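Engineer: I'd like to ask you about the structure that follows.
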Amino acid sequence: MLFFGLQANSQHFLPLGFKMDDNQIGLFNKEQSIPLAHQMRPQTLDDFEGAQKLLAKFPQLAGGHLSSMVFWGPPGCGKTTLAKLLAQKNDLPFLPFNAVLAGLPELRKTIEKGKQQGLEQGKNWVLFIDEIHRFNKAQQDALLPFVESGEFILMGATTENPFVSVNRALLSRVQTIELKKLSPRDIQNILQKALTKLEKETSSSLLESFSKHCDGDTRKALNYLENFLNSSLSEKQELTPEEMESLTLKGHRSYDKDGNRHYDVISAFIKSMRGSDPHATVLWLAVMLEGGEDPLFIARRMVIFSSEDIGNADPRALTLATSCLQAVQNIGMPEARIILSQAATYLASTVKSNACYKAINEAISFVKERPTLEVPLHLRNLGPAKKDYKYPHNYPNSYIPQQYAPKETPPFYKPKDSGQEKFLAERLNNL
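Per the numbering used here, residue 47 is the first one in the sequence shown, and the count goes up by one each step.
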């Protein structure tokens, strides 16, 4: 998301090839205290990593007229940088505002300041609100008349799904621009460009490690590189896991969201629930949450588990799991951990049955192995044989024996003798 080919001066950046006198060199040295991630911010849209793909998807960003918009994406994907670059490209005053650090009174002051700058320069202006999802309903509603009238261009940034965290009234008045996190390969290229700018060298394997550990966060990856270059380990080409952890400030554990560890931990989580061990279940849940796993991924897997491994032995499990998924989606972390824990420990502790799972798998295999299965004439929607269908509710216990499938169809569903399925098995046997 960041491109290089720039060097620092008293204004933070100069084109390559620019020569400085002694006084300017002193200023340049002073700039070395600026964090590497800040030094590497792109200065034009052309420098923005993935700009071509982004502009192809959202061509309105390349136009000469900006409208209000909300940038949505994970940390370190360039939301703030993109907003600044768009304002710069259109030569508009840019006033930043942090929704975490300030409230409605400060917002009104910022709007008044922006109005004044706009009047003085004879142009529209941009109000950029970082962490806009932190605004409550009243604060978001306060923006509506200004956005509606176009008094300023609102640009918001959020790591949360705006369709959940932003008021519908405000959302209907802005464009939503989703930014994806960069791939490890893209981030590795950025780190290499940073080394080139700094006239430093290190192994590609080390850069690969940094790019994988940062979880798509470019800022974090550049911080890792800066920690490494400023440490006593800077001459090493390979690092031990302990050394890597010390450089990343223990910001990660040995957990990845796409590699073997990711699948190993979710496998242990599911097998612990299947094995009715709530203690191990909540342990692996904690490992995933601390490793940065998407809580929605965990909740979705529990919904699947509730049908695959519990099924009709405890039908409440599916209701609980789907409620958990909806709650996690609406609440978000860190409170979502409590909801996940409640659902996971219940699923681990309740009765188990895979009868539903086996039934559908066997039925699908049966269908695949045969030509088109014909529907019995009396079950069809139209036709003279329709009158032969017997309506079960007209008979005692709402049951009357009749053919519902081809004669060669075997019994797929075999309920187990546990939980609610025991009752179902007894009923079917009695029938």
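We put the CB at the ideal spot given by N, CA and C, even for glycine. Please read all numbers here as calculations on a predicted model, not as lab measurements.
Hey, out of L386, R219, P105 and S250, whose CA is closest to P230's CA?
Structural biologist: Within the sequence shown, residue 230 is the residue found at index 184, counting from 1. For P230, the closest alpha carbon among the candidates L386, R219, P105 and S250 is that of S250.
Engineer: Assuming G202 contacts V116 (C-beta within less than 8 Å), just tell me the rounded distance between them.
Structural biologist: Residue mapping note: residue 202 aligns to position 156 of the sequence shown, counting from 1. Residue mapping note: residue 116 aligns to position 70 of the sequence shown, counting from 1. Correct: roughly 4 Å between the Cβ atoms.
Engineer: Among residues of its own chain, excluding the 5 on either side of D68, which ones have a beta-carbon nearer than 6 Å to its beta-carbon?
Structural biologist: To locate residue 68, count along the sequence shown from 1; it is residue 22. Reliability of the predicted coordinates at D68 is poor, the pLDDT of 46 falling under 50, and no value is obtained from them.
Engineer: Between the Cα of N213 and the Cα atoms of G321, F181, L228 and K226, which residue gives the shortest distance?
Structural biologist: If you number the sequence shown from 1, residue 213 lands on position 167. Residue F181 is the option with its Cα nearest to N213.
Engineer: Assess, as a yes-or-no matter, whether the segment 376-393 is touched by the segment 325-335 under the definition of 3 or more beta carbon pairs within less than 8 Å.
Structural biologist: These segments touch.
Engineer: Contact between the segment 137-149 and the segment 170-185 is defined here as three or more beta-carbon pairs at a separation below 8 Å; is this criterion met?
Structural biologist: A contact exists between the segment 137-149 and the segment 170-185.
Engineer: Quick check on DSSP: helix, strand or coil for F36?
Structural biologist: There is simply no residue 36 to check, as the chain begins at 47 and stops at 477 in what is shown.
Engineer: Which residues in the same chain as A479 place their Cβ atom closer than 7 Å to its Cβ, once the five residues preceding and following it in sequence are excluded?
Structural biologist: Only positions 47 to 477 of the chain appear in this structure, which leaves residue 479 out of reach.
Engineer: Would you call R87 buried or exposed, if buried means 16 or more other Cβ atoms sit within 10 Å of its Cβ?
Structural biologist: Translated into positions along the sequence shown, residue 87 becomes position 41. The residue is buried, with at least 16 neighbouring Cβ atoms inside 10 Å.
Engineer: Nearest by alpha-carbon distance to F140: which of G357, D263, Q162 and E288 is it?
Structural biologist: Counting from one through the sequence shown, the residue named residue 140 turns up at place 94. The residue with the shortest Cα to Cα distance from F140 is Q162.
Engineer: Beta strand (DSSP E) containing P142: first to last residue?
Structural biologist: Translated into the one-based positions of the sequence shown, residue 142 becomes position 96. First-last of the beta strand (DSSP E) with P142: F140 to N144.
Engineer: Use the C-beta contact count for M290: other C-beta atoms within 10 angstroms, 16 or more gives buried, fewer gives exposed.
Structural biologist: Counting from one through the sequence shown, the residue named residue 290 turns up at place 244. Classification of M290: buried, given that the 10 Å Cβ count is 16 or more.
Engineer: Give the range of the alpha helix (DSSP H) segment to which T242 is assigned.
Structural biologist: Numbered from 1 along the sequence shown, position 196 holds the residue referred to as residue 242. That run of the alpha helix (DSSP H) goes P230 to L244.
Engineer: Would you please state the rounded distance, in angstroms, between the beta carbons of L393 and F351? I believe it to be under 8 Å.
Structural biologist: Translated into the one-based positions of the sequence shown, residue 393 becomes position 347. Translated into the one-based positions of the sequence shown, residue 351 becomes position 305. Contact holds; Cβ gap of about 6 Å.
Engineer: Is there contact here, the segment 183-199 with the segment 221-236, by at least three beta-carbon pairs under 8 Å?
Structural biologist: no
Engineer: Tell me the rounded alpha-carbon separation between S300 and K135.
Structural biologist: Counting from one through the sequence shown, the residue named residue 300 turns up at place 254. Counting from one through the sequence shown, the residue named residue 135 turns up at place 89. Any reading at S300 must be qualified, since the residue scores a pLDDT of 46, below 50, and its modelled position is unreliable; the value itself is stated next. C-alpha separation (whole angstroms): 41 Å.
Engineer: Please classify N75: does DSSP put it in a helix, a strand, or coil?
Structural biologist: Here the question's residue 75 lines up with position 29 in the sequence shown. Model confidence at N75 stands at a pLDDT of 45, short of 50, so the residue's coordinates are unreliable and nothing is read from them.
Engineer: Which value, in whole angstroms, describes the spacing of the CA atoms of S318 and R473?
Structural biologist: Mapped onto the sequence shown, residue 318 falls at position 272. Mapped onto the sequence shown, residue 473 falls at position 427. Roughly 32 Å separates the two Cα atoms.
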